[in-house]
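Sequential numbering from 150 applies to the sequence shown in the numbering used here. Read the structure below first, then the notes.
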Amino acid sequence: MGKNPIQGFLGVDGGGSNTRALFMDANGKHLSKGFAPGSNPHNIGYPKAASNINEAVQAALENAAPEQLRIASVFCGIAGIRNTEEQMLLTSELQHFQWTRNARLSIDHDVSIAYRAVLGKDSGITLICGTGTSCLGKDITGEIILTSGRTETIDDPGSGYAIGLEGIEAGLLQSTSTNRNDIAKLAPQLINLAQEGNPTAQYILNKNADSLIELIRDTLSRLSLSENFNLGIIGSLGTTKTPYQDLILKKIASEFPSTVLRFTNKTPVEAAAELALT
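Listed below in structure tokens is the structure:
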């Protein structure tokens, strides 16, 4: 007789650059992982976003011996998902894939799983700073605020994409690609130029760091939080030791001197899988 199938709980972290999938069992043990390109539907459309999510899930399934695995629940944290309508649009596309048919499927913004990874169930604000930027704040009243600096003319100020793009526009960097991810990958070059003393590069970094402070300030103004609120930071530019991170942390200390900074070793995809498990 064959073995009873293992109940699998699937977490998906769909960012602008990459999509990650993780299976856990009912005890929280990691079973397998899968990877694919980014899945922000505002960058690539809902059908392609769903296709990339499926690619990551299929890779994880193949690594987990799918004949022995039954997917019980799925939690997806996907960049760009802002409301119920967008959740429904992505759900509709994902339902073309077999693995969604008999599983409980939940979809939220990727910042929600970043928040969970850093602050868990605590109140506070999480700043995500990588290819893109955004903030998610929660207070003890249950109020939840999601903020972004993205407008029709300004695209994710403070992010790797914004820094790379401004470096290109200033003639400091070169790229033949208009892809957001490719441009964001140029940010470390501009950070190096700033460290070497280039005044234009230093100006770009300072301006973008100020944009992050404004993003935090905007989020805080809409919540009932004390002055010693928790501030979680996640994302490559916010957690990697560079002059830009130093600048961000210095400005945070000046603007919010009583805040409690929080970092984590838990990844957003792990948080997503834990949410699938609950």
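For every residue, glycine included, the Cβ atom is placed at its ideal position computed from N, Cα and C.
The C-alpha of Ile227 is placed about 19 Å away from the C-alpha of Ile220. Segment contact: the stretch 256-271 against the stretch 158-165, three or more CB-CB distances shorter than 8 Å; contact assigned. By the neighbour-count criterion, in which a residue is buried when 16 or more other Cβ atoms sit within 10 angstroms of its Cβ, Asp305 is buried.
For Ala263, the enclosing alpha helix (DSSP H) begins and ends at Asp259 to Leu268. Secondary structure at Lys390: coil, using DSSP grouped into helix, strand and coil. Judged by beta-carbon spacing, Ala170 lies within the 8 Å limit of Gly183, meaning their Cβ atoms are closer than that value.
Under the 10 Å beta carbon count, Glu242 is surrounded by 16 or more other beta carbons and is classified as buried. Tyr393 counts as buried, since at least 16 other C-beta atoms from the protein chains shown sit within 10 angstroms of its C-beta. When C-alpha distances from Asn232 are compared across Ile256, Ala358 and Ala175, the shortest belongs to Ile256. At least 8 Å separates the beta-carbon of Thr282 from that of Leu374. Taking the Cα of Cys278 as reference, the smallest distance to any Cα among Ile155, Ile397 and Asn414 is reached at Ile397. When secondary structure is reduced to three states using DSSP, Asn328 falls in the coil class, being assigned neither helix nor strand. When DSSP reads this structure, Pro337 sits in no beta bridge, so it has no partner. Scanning His245, Gly316 and Lys270 for the CA closest to the CA of Gln351 turns up Gly316. When C-alpha distances from Leu254 are compared across Ala336, Phe224, Leu354 and Met237, the shortest belongs to Phe224. Taking all protein chains shown into account, Leu180 has 16 or more neighbouring C-beta atoms within 10 Å of its C-beta and is therefore buried. Spatial neighbours of Thr349 in its own chain (CB-CB distance under 7 Å, excluding positions within 5 residues in sequence) are listed in chain order as Ala319 and Leu321.
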